[in-house]
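Colleague: Just passing along the structure, written as structure tokens.
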Amino acid sequence: MSIWKSREGWIKFWWMLLPSIFLAPILLSAQPASFNRPQVLTEAEGLPQGFVSDIIQDQKGFIWMATRDGLCRYDGQRFKVFQPTTETKTSLSFPDVLYLKPDHRGRIWIRNTYKELDLFDPVRETFQNFSRQPYYKRAFSRDSLRQFCPDRRNRLWLYFRYKGLLSIDLTTNRIQYYPIRVRIIVRLMGVL
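Counting from 23, one number per residue, gives the positions in the sequence shown under this note's numbering.
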């Protein structure tokens, strides 16, 4: 008689199967997972303000953070905060920083809540208030900057609400407009 045809056979089967199902994960477990605990950085560690809208890492390993109270550099030990000052023209134009984009030369492009652009040179620790340049003001004074992206050819690509997509050659300050339809701009927004 087969063990499957009797009630005692089924009971023996389940008494052997159930413990092995519950013990298998314990006996067959992999090595314990070890993850580095993330370090939480707050105002207590030197962050000037708790809201961080953007974070990038530069070629030297520094962490750069966009905050409502300026641009912050974190070297793994301490913060250095860059804020607007009236003492020099080479400071941040406005403290409420929203977006950061590094370029191929190691500089950082910064957009603030007023949709102005600054260019930061981390080596000299100086800012160029790009939106306040005369040619920029003449061309875009009544428009609203939506997105921006520096490229490897020393051009800055900009998307404005009304003027659309354009590029500025940063060597010659020459502006090139690209008339395109709204549907294409919507698709490009993920890239820019």
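Yeah, the Cβ is synthetic: ideal placement off N, Cα and C, and Gly gets one too.
I'd like the ranges of any alpha helix (DSSP H) spanning at least 4 consecutive residues and lying wholly in the segment 137–185.
Modeller: 156–162
Colleague: Shortest alpha-carbon distance to V62 belongs to which of Q79, Q99, K34, F149?
Modeller: Indexing the sequence shown from 1 puts residue 62 at position 40. Sorting Q79, Q99, K34, F149 by C-alpha distance to the C-alpha of V62 places Q99 at the top.
Colleague: Taking the alpha carbon of N151 as the reference point, which residue from S42, T107, R127 has its own alpha carbon closest?
Modeller: As a first step, residue 151 is located in the sequence shown; it is residue number 129 there, counting from the start. Nearest option by C-alpha distance: T107.
Colleague: Within a Cβ cutoff of 6 Å, which residues of the same chain sit near A66, ignoring the five residues on either side of it in sequence?
Modeller: Against the sequence shown, residue 66 aligns to sequence position 44. Cβ-Cβ distances below 6 Å link A66 to nothing in the same chain once the five nearest sequence neighbours on each side are left out.
Colleague: Just mark S28 as buried or exposed, buried being the case when its beta carbon has 16 or more other beta carbons within 10 Å.
Modeller: Indexing the sequence shown from 1 puts residue 28 at position 6. If you draw a 10 Å sphere on the C-beta of S28, you find fewer than 16 other C-beta atoms in it, and that means exposed.
Colleague: State yes or no: is the beta carbon of S28 nearer than 9 Å to at least one beta carbon in chain B?
Modeller: Any reference to chain B falls outside this structure, which holds one protein chain only.
Colleague: When the Cα atoms are used, what is the spatial distance from L141 to A88?
Modeller: The sequence position of residue 141 within the sequence shown is 119, counting from 1. The sequence position of residue 88 within the sequence shown is 66, counting from 1. Answer to the nearest angstrom: the Cα atoms are 13 Å apart.
Colleague: Please state the DSSP three-state secondary structure of S16.
Modeller: Nothing can be reported for residue 16: it is not among the residues displayed for the chain, which extend from 23 to 214.
Colleague: Between P144 and V74, what straight-line distance do the alpha-carbon atoms span, to the nearest angstrom?
Modeller: For the purposes of this step, residue 144 is taken as residue 122 along the sequence shown, with counting starting at 1. For the purposes of this step, residue 74 is taken as residue 52 along the sequence shown, with counting starting at 1. Those two C-alpha atoms are separated by around 19 Å.
Colleague: Between D173, G186, F149, which lies nearest to A161 when the distance is taken from Cα to Cα?
Modeller: For the purposes of this step, residue 161 is identified with residue 139 of the sequence shown, where counting begins at 1. The option with the nearest alpha carbon to A161 is G186.
Colleague: Using a Cβ-Cβ cut-off of 7 Å (strictly less than) and excluding sequence neighbours within five positions of I197, which residues of its own chain qualify?
Modeller: For the purposes of this step, residue 197 is taken as the residue at position 175 of the sequence shown. These residues qualify, in order along the chain: A161, L188, I190.
Colleague: Based on the DSSP secondary-structure assignment, which residues constitute the bridge partners of F57?
Modeller: Numbered from its first residue, the sequence shown carries residue 57 at position 35. Paired residue(s): none; F57 is not in a bridge.
Colleague: In the structure shown, what three-state DSSP assignment does P201 receive?
Modeller: Numbered from 1 along the sequence shown, position 179 holds the residue referred to as residue 201. In the structure shown, P201 sits in coil (DSSP, three-state: anything other than H, G, I, E or B).
Colleague: Cα separation between Q79 and I85?
Modeller: For the purposes of this step, residue 79 is taken as residue 57 along the sequence shown, with counting starting at 1. For the purposes of this step, residue 85 is taken as residue 63 along the sequence shown, with counting starting at 1. Between Q79 and I85, the alpha-carbon positions lie close to 5 Å from each other.
Colleague: Cutting at 7 Å between CB atoms, please list the residues of its own chain near P172, excluding the five before and the five after it.
Modeller: The sequence position of residue 172 within the sequence shown is 150, counting from 1. Hits under 7 Å: K123, D125, W131, L178.
Colleague: Could you have a look at L39 and say whether DSSP puts it in helix, strand or coil?
Modeller: For this step, residue 39 is matched to residue 17 along the sequence shown. Of the three classes helix, strand and coil, the one that applies to L39 here is helix, per DSSP.
Colleague: Mind checking whether E147 and F116 have CB atoms under 9 Å apart?
Modeller: On the sequence shown, position 125 is the one that residue 147 refers to. On the sequence shown, position 94 is the one that residue 116 refers to. No, they are not a contact pair.
Colleague: How long is the line joining the alpha carbons of D76 and P70, rounded to whole angstroms?
Modeller: Here the question's residue 76 lines up with position 54 in the sequence shown. Here the question's residue 70 lines up with position 48 in the sequence shown. Going by the C-alpha atoms only, they are around 14 Å apart.
Colleague: Taking only the alpha-carbon atoms, compute the straight-line gap between F44 and W37 and give it to the nearest angstrom.
Modeller: Numbered from 1 along the sequence shown, position 22 holds the residue referred to as residue 44. Numbered from 1 along the sequence shown, position 15 holds the residue referred to as residue 37. Straight-line Cα distance between these residues: approximately 12 Å.
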